[in-house]
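Below you'll find the structure, written out as structure tokens, and then a few comments.
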Amino acid sequence: MSYDWNVLAADPMTNAPIGACDHQQSFERYVVNPYDHRTLNYAGNPAINQRAPINGASAVQIWISEEPIKVSDPIYGWQVVSDPDRVQVGTDATFYKIVFNNPVRLVIPLIEVSYITVQDYCLKCSTLGSLNDFKPANTGSFIHVTQVNKLAQKALKWVLTSQDAFYPTFVCLLKSYLGRKLSATVSDTDIQTEVLNALTTMQQVQQAQGTVQTLDPQEILKNIVSVSATIDPDDPTQVIVQATISNYSGQTVPLGLTVSINT
Ligand SMILES: [Zn+2]
């Protein structure tokens, strides 16, 4: 087996985005409102309650002085209630606030709250919705890509690599088509041909590799099942490229990309 860093945008088997942010906000600091001793105010801006909308009250976690506090705690029990007073211009997000069931008078309390918010308020992904491909995973290491995902990633690398000083014959012209006009010199058929050539070269290289090193059967391109390039009927500047390849574990792997051209 060999591995590589995962740079795919979507899982080829499920089409689910890779690196999608769960919008989990961790250990935000809060203080108890000094007047009612029950409502939490955001420590970074005590004029507001919850910094961001809470998406799912059941996912809220609270710690006081690093001790987790259950919703039903006899002293520090709390609930999530709506915050109708919070009106945020330019959003229709619904805000909530966290309220202790009983007054809590803590001296220098450290109250931390973890919860899931919505994309527009997410500090984890900076509202982008996805995390950087190379952001270390929770374990502190990079996410390795293996097996089918690796095959998909490798195939896309072959298709999208436009320059190689050492192996000029391994270059796919696809990238040089970007921004060009579809015309007699570049057609959707050319795009299809380039993708097919790149995948064929990859297949040949892997077969040569297989004679000197052991590859995971799931990572080896067996057949190029189909390659198509079609002009998007709704937008003639977009050529939709779809390919399906198979591996030696009997799986098929869909690949897809869109080439933007000028009209
Ligand atoms: Zn996020």
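The numbering of the sequence shown is my numbering, which starts it at 2 and goes up by one.
We put the beta carbon where it would ideally sit given N, CA and C, even for glycine.
Query, Result
"Reference Gly257; option with closest CA among Gln205, Ala244 and Glu29", "Ala244"
"Thr170 versus Tyr77, Leu200 and Glu68, residue with shortest Cα-Cα distance", "Leu200"
"Cα-Cα separation between Pro218 and Ser229, rounded to whole angstroms", "25 Å"
"Option nearest Lys98 by Cα separation, candidates Ser227, Pro104, Val108 and Arg87", "Arg87"
"N-terminal and C-terminal residue of the beta strand (DSSP E) that Ala244 is part of", "Gln239 to Asn248"
"Near ligand 1: Cys126 beta-carbon under 7 Å from a heavy atom", "yes"
"Check: His38 C-beta below 7 Å from any heavy atom of ligand 1", "no"
"Through-space distance from Gln214 to Ala153, alpha-carbon basis", "20 Å"
"The beta strand (DSSP E) enclosing Leu256, as first and last residue numbers", "Thr253 to Ser261"
"Which of helix, strand or coil DSSP assigns to Ile232", "strand"
"Inter-residue Cα distance where the pair is Thr253 and Cys22", "27 Å"
"Heavy atom of ligand 1 within 7 Å of Gln51 beta-carbon", "no"
"Separation of Pro104 from Phe135, as counted between CA atoms", "At Phe135 the pLDDT is 49, less than 50, meaning the model places this residue with poor confidence and gives no usable figure here."
"C-beta contact flag for Arg181 and Asn56 at 8 Å", "no"
"Outcome for Lys151 when other beta-carbon atoms lying within 10 angstroms are tallied against a minimum of 16", "buried"
"Spatial neighbours of Tyr249 in its chain, beta-carbon cut-off 6 Å, leaving aside the 5 residues before and after", "Pro218, Ile221 and Lys223"
"Range covered by the beta strand (DSSP E) that runs through Glu68", "Glu68 to Ile70"
"Ser131, DSSP secondary structure in three states", "strand"
"Closer than 7 Å: Gln120 CB and nearest ligand 1 heavy atom", "yes"
"Cys173: CB within 7 Å of a non-hydrogen atom of ligand 1", "no"
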